[in-house]
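Residues in the sequence shown are numbered consecutively from 1, following UniProt numbering. Just so you know, even glycine gets a beta-carbon here, dropped at the ideal spot from N, CA and C. Bear in mind that the values here come from a model prediction, so they are computed numbers and not experimental data.
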Amino acid sequence: MKSIIQNGFRNSLINIPTERGRESLVWDFRTNSRKQMTKNFEQMKSIHQETNRVLSAHYEQLLEVRKYVDEVGQANWNEINGLKQTVNHFREQCNIRLENLETRTNTPPTDALGHR
1 MKSIIQNGFR NSLINIPTER GRESLVWDFR TNSRKQMTKN FEQMKSIHQE
51 TNRVLSAHYE QLLEVRKYVD EVGQANWNEI NGLKQTVNHF REQCNIRLEN
101 LETRTNTPPT DALGHR
């Protein structure tokens with residue numbers, strides 16, 4: 001089993017593209033010395049740090065957008081509630097006026113209009 005793994009690593013190259021895609025780190029298990037592996041590790045570490053920096057900036061922007069969306073959503077919700085209250089108040093006023101008309105006359109306006 002150990003020889004199969006060693007043979008697999010010995011014959012393989014691993015290509016690791018960088019963020020810009022212009023260059024890539026090639027990990028060759030046959031020729032890399034300790035010094036070269038340290039250099040490759042430092043390159044991969046810098047790529048990882050750059051990726052984290054870019055992602056954290058996007059994450060901060062995402063939080064700002066989410067905050068804005070929440071504020072707009074709350075404002076819209078408040079506006080909808082205000083409109084509901086206005087419609088309910090208008091409906092109540094219409095019902096009160098309709099009742100007043102029905103009590104003043106013998107024929108309710110709904111009957112006079114043929115809606116009953």
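Between residue 85 and residue 93, the alpha-carbon positions lie close to 12 Å from each other.
Here the alpha carbon of residue 58 sits roughly 20 Å from the alpha carbon of residue 45. In its chain, beyond the 5 residues on either side, no residue has a beta carbon closer than 7 Å to the beta carbon of residue 104.
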